[in-house]
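Line order of the protein sequences matches chains L and S. Under this note's numbering, residues 90 to 315 are what the first sequence spells out, in order. Under this note's numbering, residues 90 to 315 are what the second sequence spells out, in order. Report on the following structure.
2 protein chains.
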Amino acid sequence: MKEGPDIARIASLVGDPARANMLTALMDGGALTASELALEAGVSLPTASSHLAKLMDGKLLTVASQGRHRYYALAGTEVANMIEAISGVAAHSGPRRARPGPRDKSMREARVCYDHLAGDHAVAMFDRFVAEKIIVRDDEEIRLGPAGQGFFAAIGIDTSGLGNSRRPMCRACLDWSVRRSHLAGSLGTAILDKILTEKWARRPSGSRVVEFTPPGRKAFETLFLA
Amino acid sequence: MKEGPDIARIASLVGDPARANMLTALMDGGALTASELALEAGVSLPTASSHLAKLMDGKLLTVASQGRHRYYALAGTEVANMIEAISGVAAHSGPRRARPGPRDKSMREARVCYDHLAGDHAVAMFDRFVAEKIIVRDDEEIRLGPAGQGFFAAIGIDTSGLGNSRRPMCRACLDWSVRRSHLAGSLGTAILDKILTEKWARRPSGSRVVEFTPPGRKAFETLFLA
DNA sequence: AGAATGCTTCGACTACCATCGAACCATGGA
DNA sequence: TCCATGGTTCGATGGTAGTCGAAGCATTCT
């Protein structure tokens, strides 16, 4: 009667509604903070924290501390595969409700990641910065490249003023919709500020979405993606 | 926040130790009575009955009344597949039982996964099929490869007769002991049937273990692993 | 340094559910 | 018809786990 791995332990972790909501929210391979997951699960922050600790204990999640945020993500494809298998059974058991929601799409395109831009646009911008040696990756660290200071000065961002704090100017941040890096740090913040003060985009309140205006998108593309 | 199928409901069904024991006891594809399952799960008959009702309600089990006995069995391959997936995660997370007892060892070598072969032998066979292009992986789907039809015809398995149902002929199933795929689907079932009808192996009753006879192992190896 | 934000820990409360004994149905055999 | 056996239902009990408010760390921004 006791044979094989302890499947009840794992299944009961997934078996709580709050935890199940958290896990499904992470099924896109992205990483979310504890607060975001609390909101997603519809529970208070303490409750969410308790659940997250349990999921960590069961090795279903990994966590990455970035500043005062803690980004939780699925521990691996095997976990995702399991959730998928459970969903398959659940779809047969109960009525599934479908809701495509336009919100997801615009989230992937451009959104705020705490204090900088994330999503497709941000990743594309980062790639171009690296290609043009505006910034350079050096091992795990990234720095302003030879072409950097001039480039940002030309668009009104004074990079010399960004380096004096203890906060790093450039930092790589993992994007959850695309699974690649984008630019964080004080320079990332400065760029987002630029986008918003120039009114190239606006932020619908209560959401992370960044909505570009048509001319704003054009300006952004010629400036950062040309 | 509530979207998609109700995965928590299904997972919580598996999340109870008694129910989990029942389900694993049925993983060999057989059918057991309520009393047998009560014994297997280590609970009283009333308790077992209550659990069985819940599993039925969740459509994880089917029941067949024969006389005054009621035979319970897994509802289908999808349920078996889910249990395997959970086992895979649990094997990495769990307290890794101290030493892999003798029973575990033969389980890892060859066992039944609902209706097809699993374990080291099955994974090795799958690898060889892929190497020889007997089957091909295409994205996430797998299909019969160019060398497939001829190969199976030569050993007395008519693949043309396997594709007409709604059930896929080839499906990858993740092995929990090894971390790799093995072959499921109606072709997987046909191969297991072949092994058993040829008496290359026998199945000790009340267990998922598949015990190869010495000549049977040799036949299996020359045929499938050569 | 001080304030603010993100997150975790602690303690108390509550609700749910697994559990079993006893009684209750159903089938099969004398 | 009367028992015997396999299962289910009922009622009461107990343990466990989810829940949140308040307080405690940690980090960052001013």
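C-beta: ideal position from N, C-alpha, C; glycine also.
Requested in this report: Give, in chain order, every residue of the region 93–123 of chain L whose Cβ lies closer than 7 Å to some Cβ of chain S.
Outcome: GLY93, PRO94, ASP95, ILE96, ALA97, ARG98, ILE99, ALA100, SER101, VAL103, GLY104, ASP105, PRO106, ALA109, ASN110 and THR113
Query raised in the report: Is it the case that the Cβ atoms of TYR203 (chain S) and GLY147 (chain S) are separated by a distance below 8 Å?
Result: no
Query - Supposed close pair ALA142 (chain L), THR151 (chain L) - CB separation, criterion 8 Å - result: That pair is no contact at about 13 Å.
Requested in this report: Starting from ILE172 (chain S), find everything on chain L with Cβ-Cβ shorter than 8 Å and list it in chain order.
Outcome: ILE96
Requested in this report: Give a yes or no on contact between the region 274–294 of chain S and the region 169–182 of chain S, applying the rule of three or more CB pairs nearer than 8 Å.
Outcome: no
Report task. Kindly give me the distance between the Cβ atoms of THR136 (chain S) and ALA107 (chain S), rounded to whole angstroms, as I take these residues to be in contact under 8 Å. Result -> 7 Å
Requested in this report: Keeping to the same chain, check which residues put their C-beta closer than 6 Å to that of LEU272 (chain S); ignore five residues upstream and five downstream.
Outcome: PHE215
Query - beta strand (DSSP E) runs wholly inside the region 104–172 of chain S, at least 3 long, in chain order - result: 150–155 and 158–163
Query - Where ILE223 (chain S) falls: helix, strand or coil (DSSP) - result: coil
Requested in this report: Please compile the residues from chain L whose C-beta is within a distance smaller than 7 Å of the C-beta of SER182 (chain S).
Outcome: ILE99, GLY147 and LYS148
Query raised in the report: Is the beta carbon of LEU251 (chain L) sitting closer than 8 Å to the one on ALA211 (chain L)?
Result: no
Query raised in the report: Where does the unbroken beta strand (DSSP E) through ALA273 (chain S) begin, and where does it stop?
Result: 270–273
Query raised in the report: Since GLU300 (chain S) sits in a beta bridge, which residues does DSSP pair it with?
Result: S:ARG291
Query - Contacting residues, own chain, Cβ-Cβ under 7 Å from ALA109 (chain S) (five flanking each side not counted) - result: VAL103
**Report entry** Rounded distance between the beta-carbons of ALA308 (chain L) and LEU299 (chain L), thought under 8 Å
**Finding:** Looking at the sequence provided, one finds Val at residue 299 (chain L) rather than Leu. Contact flag wrong, Cβ pair sits at about 14 Å.
Query raised in the report: From S:ARG157, S:ALA123 and S:ARG256, pick the residue whose C-alpha is nearest to that of LEU144 (chain S); which is it?
Result: S:ALA123
Query raised in the report: The alpha helix (DSSP H) spanning ALA243 (chain L) covers which residue range?
Result: 237–243
Report task. Return yes when the Cβ of ASP95 (chain S) is within less than 8 Å of the Cβ of ALA97 (chain L), no when it is not. Result -> no
Query raised in the report: What is the DSSP secondary structure of ALA179 (chain L), counted as helix, strand or coil?
Result: helix
Query raised in the report: Is ARG256 (chain S) helix, strand or coil when you go by DSSP?
Result: coil
Query raised in the report: Rounded to a whole number of angstroms, what is the C-alpha to C-alpha distance between ALA242 (chain S) and THR166 (chain S)?
Result: 25 Å
**Report entry** When L:VAL132, L:ARG197, L:LEU121 and L:ALA164 are compared against ARG157 (chain L), the one with the closest alpha-carbon
**Finding:** L:LEU121
Query raised in the report: DSSP puts ALA207 (chain S) in a beta bridge; with which residues?
Result: S:ARG200
Query - Minimum Cβ-Cβ distance from GLU310 (chain S) to chain L less than 8 Å - result: no
Report task. Please work out which residues of its chain come closer than 7 Å, Cβ to Cβ, to ALA169 (chain L), disregarding the five sequence neighbours upstream and downstream, and give them in chain order. Result -> MET116 and LEU163
Query raised in the report: Would LEU314 (chain S) be called buried (16 or more neighbouring beta carbons within 10 Å of its own) or exposed?
Result: exposed
Query - Own chain residues within Cβ distance below 7 Å of LEU58 (chain L), not counting five before or after - result: Residue 58 (chain L) falls outside the range modelled here, since chain L spans only 90 to 315, and no answer is possible.
Requested in this report: Using DSSP bridges, identify the partner residues of ILE231 (chain L).
Outcome: L:ARG226
Report task. Reducing DSSP to helix, strand and coil, say where ALA261 (chain S) ends up. Result -> strand
Query raised in the report: So, does the CB of GLU167 (chain L) fall closer than 8 Å to a CB anywhere in chain S?
Result: yes
Query raised in the report: Shorter than 8 Å from the beta carbon of ALA179 (chain L) to some beta carbon of chain S?
Result: yes
Requested in this report: Output yes if chain L places a C-beta closer than 8 Å to the C-beta of SER176 (chain S); else output no.
Outcome: yes
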